[in-house]
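Asks: One structure coming up, written as structure tokens, with questions to follow.
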Amino acid sequence: MTQQTFRAPREWTRVHPVSPLLGGWAVIGILLAYFIHQRLPDIIAGTSFDSAFEFADQFPLLWIVLAAILGFAVTILVSVWQWRRTEYRIGDDAVYLRQGIITQQQRQARLDRLQAVDVVQPLLARIFGFAAINVQVAGGSKSGVELRYLRLGDAEALRNEILVLAAGVAERDDAAVDDAGAAQDGAPRLRDLTSHLADRAHALNDPEAVLLGTEAPRTAVAASEERTVYTVPIGRLVLSTLLSGPAAFLGLIMIVALPATLLFNFDLLGTLLAALGGSLFATVGALFGLLGFFWTRINGGFHFTAGLSDDGLRLRHGLTETRRQTVPPGRVQAIRLYQPVFWRAKDWWRISINVAGYGDEQESVSILHPVATRQEALTAVWLILPDLGDPDPAGTLGLAMSGRGGEGGFLTSPDRARRVDPLQWRFRGVRATERALLIRRGRWERELYVVPHERTQSLGLSQGPLLRGLSLANVDVHSTSGPVKPVAAHLDVDDAMALLDAQAARAREGRRRQTPEQWREAVGL
């Protein structure tokens, strides 16, 4: 089955028959991970050999092999049963999924709440050319629908069709509230969509034919043309990982401790073991934690590529698990630019975004750029917000990224804020452009939050006893769940209240005028 013949099913249809095998291996991987985490340190320490020999005496090798085969067979049988009880279909307004062995549940991802569509390939699925498709909708990380597994070409075709359907739903909703002229502008695409879906009712007379790939050829939705904007070099990714997090901390310890070892006969190894409690298990755990951090960054950011298409923002990345994310226009709720202290010499930035549906626990898929130069950081912000609403967007963002004080029109913390924030108060600042609110902080580790006015969910003003005594307040800009949590801290209380009222008005105005067509025109699509 190719992308030219696959069509999203209107009838209830199962995913590909190999899904139980691909899912069964995940159980084995979990067991292997449990063994490495729970038993391997004891084996290295030599404390588990006696119990291992006793186990072997009680249970001969043949029985162990038979038990392993039986366990694998049971896993596959349960997976097959689950596969037969899992079906999906595509409606005009939602993607539906029903599943469950004993109690069947039905879930739906409404297309009018669509936030992102991801095509994901874990390692085993990637080897054999299969992929899962995640349909993310507003409402939290558990509100979407995941289909595992389809052939890669079929998954991409299904993604394209979902995006076209979602665009049609959005245009239909806009036509219901716009004037007659605006509705007429959206009519041609709706007519194309209607003709495009006209053959659905009779095209799937045999759902098993769709499952086996023998259905009659039909025209699929073509993928939108993509324009690559930036790709992250692997060398920069590796170096940035070494200069961040626990890797940088360990490197700093080595830089300080090695001269002490050479000059003063300092016992570096003994000190490290003492710091870890003298336990081999703790040492191995710390080593695995360091390697895990390094691997997560490299694996998630490998060959990170961002592009533009009519569907929206396209992101591709991953080494063992590849992910192709498509975020339609206007779905990014907030942006965070972060610069660790060891990245300042290179002027690199890590850029995260909030997308409704991903949630807090999916930070790895909320990355817009894992390690950006300053120019790439400006480009990444432009991808989301092509019109910053400022006559000098590059200059304004530059001051927001590395400025201090009130230069450039930023609202800053008053002098008395140094009593509660002696290190950062000079570097805090807030400024509103016509399209977004900019919040900066950080003396050594810099942060910049960019919140489009129309994506402001709600606002709050908070004061603890100490801030109240100093007539200071924080303005919380509430966004959807995610890694970006904007807060304008330690402002004068009168300035904070004025900012609260002004931002509420800007949010109301922004929601009335922002459309996907404006975004496409601004980025040249």
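Numbering (full-length UniProt numbering), first residue to last: 1 to 525. C-beta: ideal position from N, C-alpha, C; glycine also.
#1: Evaluate contact between the stretch 475 to 482 and the stretch 323 to 330, counting only Cβ atoms and requiring at least three cross-stretch pairs below 8 Å.
#2: Looking only at its own chain, which residues have a Cβ that is under 7 Å from the Cβ of residue 216, when we skip the five neighbours before and after it?
#3: Relative to the alpha-carbon of residue 293, which residue among 498, 86, 242 has its alpha-carbon at the smallest distance?
#4: Pop quiz: residue 302 and residue 319 are said to be a contact at Cβ under 8 Å. What is the actual Cβ separation, rounded to whole angstroms?
#5: Quick one: measure Cβ to Cβ for residue 357 and residue 143, integer angstroms, because I've assumed they're closer than 8 Å.
#6: Have a look at 482, 137, 491, 136 and flag the residue whose alpha-carbon is nearest the alpha-carbon of residue 412.
#7: Just to confirm the assignment, what range does the alpha helix (DSSP H) spanning residue 516 have?
#8: Suppose contacts are defined by Cβ-Cβ distances below 9 Å. Is residue 487 in contact with residue 383 by that definition?
#9: Since I believe residue 386 is in contact with residue 519 (beta carbons under 8 Å), could you give me their beta-carbon distance rounded to a whole number of angstroms?
#10: Buried or exposed: residue 512, going by 16 or more other Cβ atoms within 10 Å of its Cβ?
#11: In this structure, does DSSP put residue 420 in helix, strand or coil?
#12: When the distance is taken between beta carbons, is residue 441 closer than 9 Å to residue 447?
#13: Compare the Cα-Cα distances from residue 344 to each of 438, 419, 365, 244 and report the closest residue.
#14: For the candidate residues 134, 68, 381, whose alpha-carbon lies nearest to that of residue 116?
#15: Are the Cβ atoms of residue 538 and residue 148 separated by less than 9 Å?
#16: Quick one: grab the DSSP three-state call for residue 75.
#17: Could you give the distance in angstroms between the alpha-carbon of residue 304 and the alpha-carbon of residue 436?
#18: Got a sec, what are the start and stop residues for the alpha helix (DSSP H) residue 375 sits in?
#19: Mind pulling the beta strand (DSSP E) runs of 3 or more residues that sit fully within the stretch 327 to 351?
#20: Report the rounded CA-to-CA distance for residue 379 versus residue 306, giving the unit in angstroms.
#21: Please state whether DSSP places residue 82 in a helix, a strand or coil.
#22: State buried or exposed for residue 77, treating a residue as buried only when at least 16 other CB atoms are found within 10 Å of its CB.
#23: Between the alpha carbons of residue 18 and residue 84, how many angstroms are there, rounded?
#24: Check the C-beta distance from residue 427 over to residue 443 and give it rounded, since I have them as a contact under 8 Å.
#25: Count the other CB atoms within 10 Å of the CB of residue 472; is the residue buried (16 or more) or exposed (fewer)?
#26: Tell me whether residue 427 counts as near the ligand ATP, meaning its Cβ is closer than 8 Å to at least one heavy atom of that ligand.
#27: Tell me residue 112's beta-bridge partners as DSSP assigns them.
#28: Could you tell me which residues DSSP pairs with residue 231 in its beta bridges?
#29: Give me the Cα-Cα distance between residue 99 and residue 13, rounded to the nearest whole angstrom.
#30: Buried or exposed for residue 15, going by 16 or more other Cβ atoms inside 10 Å?
#31: Which of helix, strand or coil does DSSP assign to residue 508?
#32: Kindly indicate which residue of 401, 450, 340 has the alpha-carbon position closest to the one of residue 388.
#33: For residue 287, which residues of its own chain have a beta-carbon under 7 Å away from its beta-carbon, when the five flanking residues on both sides are left out?
#34: Apart from the five residues on each side of it in sequence, which residues of its chain come closer than 8 Å, Cβ to Cβ, to residue 110?
#35: Mapping DSSP to helix, strand and coil, what is residue 540?
#36: Quick one: what's residue 369 bridged to in DSSP?
Replies: So, from the listed chains and residues:
#1: No: the two stretches stay apart, fewer than three of their Cβ pairs being nearer than 8 Å.
#2: Low per-residue confidence applies at residue 216: pLDDT is 39, beneath 50, and the placement is therefore not dependable, though the value from the model is reported in the following sentence. So no residue of the chain qualifies.
#3: For residue 293, the closest alpha carbon among the candidates 498, 86, 242 is that of 242.
#4: At roughly 4 Å, the Cβ-Cβ gap stays under 8 Å, so residue 302 and residue 319 are in contact.
#5: In this structure, residue 357 and residue 143 form a Cβ contact; the two beta carbons are roughly 6 Å apart against a cut-off of 8 Å.
#6: In this structure, 491 is the residue among 482, 137, 491, 136 with its C-alpha nearest to the C-alpha of residue 412.
#7: Taken as a continuous stretch (DSSP letters only), the alpha helix (DSSP H) holding residue 516 covers 516 to 523.
#8: No.
#9: Indeed, because the Cβ distance is near 7 Å, the residues count as touching under 8 Å.
#10: By the neighbour-count rule (16 or more Cβ atoms within 10 Å), residue 512 is not buried but exposed.
#11: In this structure, residue 420 counts as coil in the three-state DSSP scheme.
#12: By the CB criterion at 9 Å, residue 447 and residue 441 fall inside the cutoff.
#13: That would be 244, whose Cα lies nearest to the Cα of residue 344.
#14: Looking at the Cα atoms, 134 is the closest of the given residues.
#15: No answer is possible for residue 538: the residues shown for the chain start at 1 and end at 525.
#16: In the structure shown, the three-state DSSP call for residue 75 is helix.
#17: Across the structure, residue 304 and residue 436 are spaced so that their CA atoms are roughly 26 Å apart.
#18: It spans 374 to 384 - the alpha helix (DSSP H) in which residue 375 sits, taken as one unbroken run.
#19: Entirely contained in the stretch 327 to 351, the beta strand (DSSP E) runs reaching 3 residues are, in chain order, 332 to 339.
#20: Looking at the two C-alpha atoms, the distance is approximately 10 Å.
#21: Reduced to three states, the DSSP call for residue 82 is helix.
#22: Looking at its Cβ environment, which holds fewer than 16 other Cβ atoms inside 10 Å, residue 77 is exposed.
#23: Going by the C-alpha atoms only, they are around 12 Å apart.
#24: That pair is a contact at about 5 Å.
#25: Counting the other Cβ atoms within 10 Å of the Cβ of residue 472 gives 16 or more, which makes it buried.
#26: The ligand ATP is not part of this structure, which contains no ligands at all.
#27: Here residue 112 is not bridged, per DSSP, to any residue.
#28: In the DSSP output, where bridge partners are listed per residue, residue 231 has 305.
#29: Approximately 12 Å between the Cα atoms of the pair.
#30: With 16 or more other Cβ atoms within 10 Å, it is buried.
#31: Here residue 508 sits in helix by DSSP.
#32: Of the listed residues, the one whose Cα sits closest to residue 388 is 450.
#33: Same-chain partners within the cutoff: there are none.
#34: Hits under 8 Å: 93, 94, 137.
#35: There is simply no residue 540 to check, as the chain begins at 1 and stops at 525 in what is shown.
#36: According to DSSP, residue 369 bridges with 351.
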